[in-house]
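Quick note: to get our numbering, add 22 to the position in the sequence shown (first position is 1).
Backbone N, C-alpha and C fix where the C-beta goes; we use that ideal spot for every residue, glycine too.
What follows is one structure encoded as structure tokens, with my remarks underneath.
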Amino acid sequence: MYKLKIPDVKELQQNVNRHPLVIKTLDWTKHRSLPGFYGVPIYNVIVFVINEMRRLDLEMRANSIAFSFFMSLFPSLLTLFTLLPFLQQYLLQYLPEGENFNLILQTEIQKLMPGEAGNTLYEFISDITTNPRVGLLSFGFILAIYFSSNGMLAMMQSFEKSYKTTFRQRGMIKKRIVAIFLTGLLGALLIASIVLIILGSFLINLLSEYIAMAGLSTRAIDLLRWVAIILLFYIGIAVIYRYGAATHKRIALLSPGATLATTLSILSSVAFSFYIDELGRFDTYAQFYGSIATIIIVMLWMQLNSLILLIGFELNASIAINRDIRIHEEEAKSPT
Numbered sequence: 023m024y025k026l027k028i029p030d031v032k033e034l035q036q037n038v039n040r041h042p043l044v045i046k047t048l049d050w051t052k053h054r055s056l057p058g059f060y061g062v063p064i065y066n067v068i069v070f071v072i073n074e075m076r077r078l079d080l081e082m083r084a085n086s087i088a089f090s091f092f093m094s095l096f097p098s099l100l101t102l103f104t105l106l107p108f109l110q111q112y113l114l115q116y117l118p119e120g121e122n123f124n125l126i127l128q129t130e131i132q133k134l135m136p137g138e139a140g141n142t143l144y145e146f147i148s149d150i151t152t153n154p155r156v157g158l159l160s161f162g163f164i165l166a167i168y169f170s171s172n173g174m175l176a177m178m179q180s181f182e183k184s185y186k187t188t189f190r191q192r193g194m195i196k197k198r199i200v201a202i203f204l205t206g207l208l209g210a211l212l213i214a215s216i217v218l219i220i221l222g223s224f225l226i227n228l229l230s231e232y233i234a235m236a237g238l239s240t241r242a243i244d245l246l247r248w249v250a251i252i253l254l255f256y257i258g259i260a261v262i263y264r265y266g267a268a269t270h271k272r273i274a275l276l277s278p279g280a281t282l283a284t285t286l287s288i289l290s291s292v293a294f295s296f297y298i299d300e301l302g303r304f305d306t307y308a309q310f311y312g313s314i315a316t317i318i319i320v321m322l323w324m325q326l327n328s329l330i331l332l333i334g335f336e337l338n339a340s341i342a343i344n345r346d347i348r349i350h351e352e353e354a355k356s357p358t
């Protein structure tokens with residue numbers, strides 16, 4: 023009787039590595055670089071990233087970061103939306119007459135988070151925005167700063183490496199100060215994004231007189247709004263990499279790691295939203311977990327994006343370390 027032979031993993035890997043196309047591809051990556059790689063071969067960067075991911079257990083670190091940021095989520099939302107009742111009088115100046123602020127808020131939230139998850143979030147926000155609470159604002163602000171900076175601190179500690187030619191050490195006080203600074207900066211970017219989301223449609227209407235003159239359609243202007251939001255998202259990630267990592271030479275704002283992390287975050291969020299809403303997974307989770315289904319979904323989303331941020335950083339770190347090693351080798355070879 024004929025028995026099907028299952029090939030050994032190592033044997034299969036060796037056969038793949040011997041394939042002419044694989045050999046040519048590897049040879050090409052060893053002699054080619056990409057923009058932003060500072061002349062470091064693609065092969066060196068990829069191998070370094072893979073080795074670091076195996077050595078550092080990025081998934082465990084991502085879990086730690088996600089948990090720290092999750093602890094800051096509710097006080098941060100509490101602070102943000104407790105501010106809205108005090109800002110409504112300024113926001114309403116930019117809305118057409120007869121438009122309801124809460125209705126606009128509900129519509130935009132459901133665009134970002136469709137289904138029951140969006141309705142649950144809106145009910146929570148609506149209660150806070152319609153009833154100003156000064157005491158809640160101060161209490162939430164203190165908790166938000168503390169827990170958010172803890173989350174940022176956990177991420178900064180994940181950025182630390184032992185390569186002294188590229189990385190340096192920071193004291194705990196300086197780490198906390200940098201974490202608070204980054205938290206405040208990202209909070210400002212988040213508020214700017216929310217303002218663009220809430221007022222975006224009405225800004226388009228206000229600019230409608232100029233759309234025909236510029237030859238742009240309303241859809242194109244709406245696309246520009248989301249491009250601006252994505253740009254703010256990119257800036258947030260780039261700032262984290264630049265100032266969160268303790269390097270001798272700061273990582274550039276326009277970096278391959280920030281580009282990769284932004285792209286993967288957007289794609290993963292779209293795929294995650296499709297998985298939850300279009301495939302009806304929220305109803306499945308709600309059936310088993312009840313009211314905490316939303317919390318579970320948010321935690322999964324945060325864990326996924328924390329892992330993506332770490333992967334993007336490892337790409338930047340790989341480029342920086344290989345660049346500095348090459349510079350030191352060239353300096354050692356050059357005559358004194």
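Rounded separation between residue i and residue j - CA only
{"i": "E182", "j": "L43", "result": "37 Å"}
{"i": "G120", "j": "L211", "result": "Its pLDDT being 46, under 50, G120 is placed unreliably in this model, and the value from its coordinates should be taken loosely. Approximately 29 Å, taken between the alpha carbons."}
{"i": "A354", "j": "N66", "result": "20 Å"}
{"i": "L326", "j": "G206", "result": "23 Å"}
{"i": "L276", "j": "L48", "result": "27 Å"}
{"i": "L34", "j": "A242", "result": "50 Å"}
{"i": "T101", "j": "S291", "result": "24 Å"}
{"i": "M23", "j": "K32", "result": "A caution first: M23 carries a pLDDT of 48, below 50, which makes its placement in the model too unreliable to give a value."}
{"i": "P21", "j": "L204", "result": "Absent from the model: residue 21. The displayed extent of the chain is 23 to 358, so no value can be given."}
{"i": "L337", "j": "I288", "result": "18 Å"}
{"i": "P57", "j": "R40", "result": "29 Å"}
{"i": "F70", "j": "S295", "result": "32 Å"}
{"i": "A280", "j": "E145", "result": "34 Å"}
{"i": "M235", "j": "A260", "result": "At M235, the pLDDT of 49 sits below 50, so the modelled position is not reliable and the matter cannot be decided from this model."}
{"i": "K197", "j": "F163", "result": "20 Å"}
{"i": "K51", "j": "I45", "result": "The displayed chain sequence assigns Thr, not Lys, to residue 51. Looking at the two C-alpha atoms, the distance is approximately 10 Å."}
{"i": "V320", "j": "M82", "result": "18 Å"}
{"i": "Y60", "j": "I317", "result": "42 Å"}
{"i": "F78", "j": "I333", "result": "Checking the sequence, you will find Leu at residue 78 rather than Phe. Straight-line Cα distance between these residues: approximately 11 Å."}
{"i": "Q191", "j": "I199", "result": "14 Å"}
{"i": "E1", "j": "W248", "result": "Since the displayed the chain opens at 23 and closes at 358, residue 1 lies outside it and no answer follows."}
{"i": "G193", "j": "I72", "result": "29 Å"}
{"i": "L322", "j": "L245", "result": "28 Å"}
{"i": "V74", "j": "I195", "result": "A quick correction: the sequence has Glu, not Val, at residue 74. If you take the alpha carbons of E74 and I195, they lie about 28 Å apart."}
{"i": "A250", "j": "S356", "result": "47 Å"}
{"i": "Y174", "j": "A293", "result": "For clarity, residue 174 is Met in the given sequence; the question names Tyr instead. So the two alpha carbons sit approximately 26 Å from each other."}
Selected residue, minimal CA-CA separation from residue i, among the options
{"i": "N85", "options": "L337, L331, E353 and E336", "result": "L331"}
{"i": "F335", "options": "T205, I68, S170 and I319", "result": "I68"}
{"i": "L80", "options": "R54, A176 and N66", "result": "A176"}
{"i": "I347", "options": "G266, R54, V62 and T281", "result": "V62"}
{"i": "Y185", "options": "V320, A88, S328 and A267", "result": "A267"}
{"i": "M93", "options": "A242, W323, L165 and I202", "result": "L165"}
{"i": "R345", "options": "F294, M174 and K271", "result": "K271"}
{"i": "A201", "options": "S356, M178, I349 and V71", "result": "M178"}
{"i": "N172", "options": "S98, S215, L245 and A214", "result": "S98"}
{"i": "S170", "options": "F89, R190, I333 and S55", "result": "F89"}
{"i": "S180", "options": "I262, F70 and I199", "result": "I262"}
{"i": "I167", "options": "L78, R83, R77 and G209", "result": "G209"}
Rounded distance between the beta-carbons of residue j and residue i, thought under 8 Å
{"i": "I87", "j": "S340", "result": "Not quite, the Cβ-Cβ distance comes to about 20 Å (not below 8 Å), so this is no contact."}
{"i": "F91", "j": "M324", "result": "6 Å"}
{"i": "I273", "j": "R264", "result": "5 Å"}
{"i": "T187", "j": "H350", "result": "6 Å"}
{"i": "A214", "j": "T269", "result": "Going by Cβ atoms, the distance from A214 to T269 rounds to 27 Å, so no, they are not a contact pair."}
{"i": "R54", "j": "I64", "result": "6 Å"}
Proximity test, Cβ basis, 8 Å: residue i and chain C
{"i": "I347", "result": "Annotation note: the requested chain C is absent from the structure, which comprises a single protein chain."}
Point to revise | Sequence ranges, beta strand (DSSP E) only - wholly within the stretch 251 to 291, length at least 3 | key: none
Check your understanding: Is there contact between the stretch 255 to 262 and the stretch 278 to 295, where contact requires at least three CB pairs shorter than 8 Å?
Key -> yes
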